[in-house]
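Student:
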Amino acid sequence: MTTFDEPATFTPAQAREAFRRGTAHPTTGWASGFTQTNLIAVPEDWAYDVLLFCTRNPQACPLLDVTDPGDPATRLAEDADLRTDLPRYRIWQNGVLAGEVSDATGLWRSDMVAFSIGCSFTFETALAAEGVPLRHVDQGRNVAMYVTNRPCEPAGRLFGPMVVSMRQIPEDRVDDAIRITRTMPAVHGAPVHVGDPRALGIDDLSRPDFGDPVDAEPGDVPVFWACGVTPQAALMASRPPFAITHAPGYMFITDRYDSEYRVG
14 MTTFDEPATF TPAQAREAFR RGTAHPTTGW ASGFTQTNLI AVPEDWAYDV LLFCTRNPQA
74 CPLLDVTDPG DPATRLAEDA DLRTDLPRYR IWQNGVLAGE VSDATGLWRS DMVAFSIGCS
134 FTFETALAAE GVPLRHVDQG RNVAMYVTNR PCEPAGRLFG PMVVSMRQIP EDRVDDAIRI
194 TRTMPAVHGA PVHVGDPRAL GIDDLSRPDF GDPVDAEPGD VPVFWACGVT PQAALMASRP
254 PFAITHAPGY MFITDRYDSE YRVG
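Throughout, our numbering is defined as the position within the sequence shown, counted from one, plus 13.
What follows is the structure, given as structure tokens:
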């Protein structure tokens, strides 16, 4: 019988199997070394708006794959099914969160187009490899995510604010974190801000909009990266009639190695 005590050692296929069987857990630290993605799926008549939104906001929404209408397969993982292989999904109706499910098969329309967007969990492998602490992983928590005061570039009917993920980084390792993540633009790249969260319109780091609050250690500095939850903020602002997304922090684990998305 499969156990889930050491998810970092799972292969992507083993992780996806666990999620198909009903395991629902944030995927930070799972299948270490393999790329994770955000998901947004919309009816075909909204697909161009999402594609244009990703194109105009590449740091928040780095696009890695787009499916054909109605097709739940992805080129990022052999034999995977985007309707079942994420640990938790969100269902949106007219920009309002209607619920969360562990299997989206019964809600997946025949005209759905799915977009896989790069995730910052991917560069955590590179950070950890160089000894940069990941406080949320050490604390067994989901990463903290915040809606900012920075508007995204509107596209078609979609508009909304940028969302960021935050990691508490020791002050003497901030430059390393910037250097490492800058080489991975397909999974958000370098931070968009370092230091005072009020510059992003964030008043209280202990109250994230998504994910879990993360405790800082003495000498830590908050570092903020553009986040693939940004399309969900756009859904809330733009109110399309229907959409399916991942639940923040509950990502799709691909068969692609993190190193495939590292440049320079």
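All C-beta atoms, glycine included, are put in the ideal place defined by N, C-alpha and C.
1) When burial is assigned at 16 or more other CB atoms within 10 Å of the CB, is F23 buried or exposed?
2) Any heavy atom of the ligand FMN inside 7 angstroms of the beta-carbon of A90?
3) Alpha carbon to alpha carbon, how far is G144 from P231? Give it in angstroms, no decimals.
4) Report the residue from R170, G262, A203, V176 whose alpha carbon sits nearest the alpha carbon of N51.
5) I need the boundaries of the alpha helix (DSSP H) containing T97, first residue and last residue.
6) Can at least three beta-carbon pairs, one atom from the segment 128–141 and one from the segment 232–246, be found at a separation below 8 angstroms?
7) If you drop the 5 nearest sequence neighbours on each side, which residues of the same chain put their C-beta closer than 7 angstroms to that of G202?
8) By a C-beta neighbour count over all protein chains shown, 10 Å radius and 16 as the cutoff for buried, is S178 buried or exposed?
9) Among A229, M175, A157, which has the Cα closest to the Cα of T41?
10) Taking 8 angstroms as the threshold (C-beta atoms), are M197 and R275 in contact?
11) Are the segment 27–36 and the segment 91–104 touching, with three or more C-beta to C-beta distances below 8 angstroms?
12) Looking at the strands, I want to know which residues DSSP matches up with W105.
13) Return the residue from the list V187, P235, A247 that minimises the CA-CA distance to R170.
14) Buried or exposed: G208, going by 16 or more other Cβ atoms within 10 Å of its Cβ?
15) Tell me whether the beta-carbon of V79 lies closer than 8 angstroms to the beta-carbon of V126.
16) Report the three-state DSSP secondary structure of W59 (helix, strand or coil).
17) In chain order, what are the residue ranges of uninterrupted beta strand (DSSP E) at least 3 long that sit wholly in the segment 205–258?
18) Provide the residue span of the beta strand (DSSP E) that contains A157, from first to last.
19) Along the alpha helix (DSSP H) that carries T194, what are the first and last residues, could you check?
20) Does the pairing of the segment 63–70 with the segment 160–168 give three or more beta-carbon distances under 8 angstroms?
21) Restricting to Cα atoms, I'd like to know which of A54, D222, F237 is closest to Q106.
22) DSSP beta-bridge partners for M179?
23) Below 8 angstroms on the Cβ atoms is my contact criterion, and I expect D268 with P75 to pass it. Report the Cβ-Cβ distance as a whole number of Å.
Tutor: The relevant details are as follows:
1) Residue burial annotation: F23 is buried, with at least 16 other C-beta atoms found within 10 angstroms of its C-beta.
2) No copy of the ligand FMN occurs in the structure displayed, which carries no ligand at all.
3) Using only the alpha carbons, I get a separation of about 17 angstroms.
4) In terms of CA proximity to N51, G262 leads the group R170, G262, A203, V176.
5) Looking at the DSSP string, T97 is not in any alpha helix (DSSP H), and its letter there is neither H nor E.
6) The count of Cβ pairs closer than 8 angstroms, one atom from the segment 128–141 and one from the segment 232–246, reaches three, so the stretches are in contact.
7) Taken in chain order, the residues that qualify are Q72, T194, R195.
8) With 16 or more Cβ atoms within 10 Å of its Cβ, S178 is classed as buried.
9) Ranking the options by Cα distance to T41, first place goes to A157.
10) Between R275 and M197, the CB-CB gap stays under 8 angstroms.
11) Taking a cut-off of 8 angstroms on C-beta distances, the segment 27–36 touches the segment 91–104, as three or more cross pairs fall below it.
12) W105 has L110, A256 as its beta-bridge partners, per DSSP.
13) Just measuring C-alpha positions, the residue of V187, P235, A247 sitting nearest R170 is A247.
14) Counting other Cβ atoms within 10 Å of its Cβ, G208 stays below 16 and is therefore classed as exposed.
15) Yes; because the gap between Cβ atoms is below 8 angstroms, this pair is in contact.
16) In the structure shown, W59 sits in a helix (DSSP, three-state: H, G or I).
17) Within the segment 205–258, the complete beta strand (DSSP E) segments at least 3 residues long are 233–239, listed from N- to C-terminus.
18) Unbroken beta strand (DSSP E) run through A157: 157–164.
19) Segment 187–195, the alpha helix (DSSP H) holding T194.
20) Short answer: they touch.
21) Of the candidates A54, D222, F237, the residue whose Cα lies closest to the Cα of Q106 is A54.
22) Partner(s): A157, F237.
23) Approximately 18 angstroms separates the beta-carbon atoms of D268 and P75; this is outside 8 angstroms, ruling out the contact.
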